[in-house]
Each structure stands twice: as structure tokens, then as C-alpha cells.
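Step one of this worksheet: look at the structure below.
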Amino acid sequence: MPALNVEFSDRELDDLRQIARERGTSMKALVREAAAADIARHRALQEGAEAFRRFFASHADEFAAAFPDDEEPAAGAGRVA
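Right under this line is the structure:
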């Protein structure tokens with residue numbers, strides 16, 4: 012399995028040791044679990060954003076009718092020649 016070396020300040024390292032000790036786990040497991048949780052959170056946010064974009068695109072006309080003040084002016088609108 013690939014590995015990654017990560018540098019921490021002395022304070023961060025002390026904090027990690029304390030947290031790992033309190034949780035009864037290794038520092039390696041603690042850091043790996045934190046990274047895995049952040050990856051899962053990031054993926055969930057990406058999936059949620061994509062679902063919202065699809066929903067918004069499929070209901071664009073309804074949103075435009077409901078919120079006309081938020082619509083961008085059509086190209087050339089408001090221009091005086």
C-alpha cells in the first residue's frame with residue numbers, strides 16, 4: 012500500500028498523541044481515519060452539488076418564473092444603440 016509522509020508541528024504531534032491515547036488507537040490509525048472521513052465528506056459534497064445542478068437545470072424555467080429578479084438580462088437587453 013502506498014504511504015505518505017506528513018509533517019506536523021511539535022504541538023500538533025503532541026495533540027495527536029494525546030487524542031490517540033484517549034481513543035485507545037494508534038496515531039497512524041487516527042490520522043488515516045481523519046483523512047478517510049474528509050475524503051468521504053468531500054465526495055458527498057461533490058455528489059450533492061452535482062445532484063443540485065441536475066435538479067436546477069431540469070427546473071430552470073420554474074426557477075426563472077419564481078425568481079424573475081434573479082435572472083440575468085438577455086444578451087443585448089438594456090442597450091441603446
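Once you know that position 9 of the sequence shown is 20 in this note's numbering, the rest is easy, because the numbers rise by one and skip nothing. Backbone N, C-alpha and C define an ideal beta-carbon position, used for all residues, glycine too.
Helix, strand or coil at leucine 24 [DSSP, three-state]: The residue given as residue 24 occupies position 13 in the sequence shown. Three-state DSSP puts leucine 24 in a helix.
Can you tell me whether DSSP reads valine 17 as helix, strand or coil? For this step, residue 17 is matched to residue 6 along the sequence shown. Three-state result, valine 17: coil.
Beta carbon of glutamate 82, beta carbon of alanine 75: below 7 angstroms? By 1-based counting over the sequence shown, the position of residue 82 is 71. By 1-based counting over the sequence shown, the position of residue 75 is 64. Cβ atoms of glutamate 82 and alanine 75: closer than 7 angstroms.
Sub-7 angstroms separation of leucine 41 and alanine 31 beta-carbons: For this step, residue 41 is matched to residue 30 along the sequence shown. For this step, residue 31 is matched to residue 20 along the sequence shown. It is a contact, given that the beta carbons lie within the stated cut-off.
Considering only their Cβ atoms, is the gap separating leucine 27 from methionine 12 smaller than 7 angstroms? Counting from 1 along the sequence shown, the entry for residue 12 is found at position 1. Counting from 1 along the sequence shown, the entry for residue 27 is found at position 16. No, Cβ-Cβ distance for methionine 12 and leucine 27 is not below 7 angstroms.
Assign methionine 12 to one of three DSSP states: helix, strand, or coil. On the sequence shown, position 1 is the one that residue 12 refers to. DSSP places methionine 12 in coil when its eight states are reduced to three.
Uninterrupted alpha helix (DSSP H) stretches inside the segment 43-84 (no shorter than 4 residues): Whole alpha helix (DSSP H) segments, 4+ residues: 71-77.
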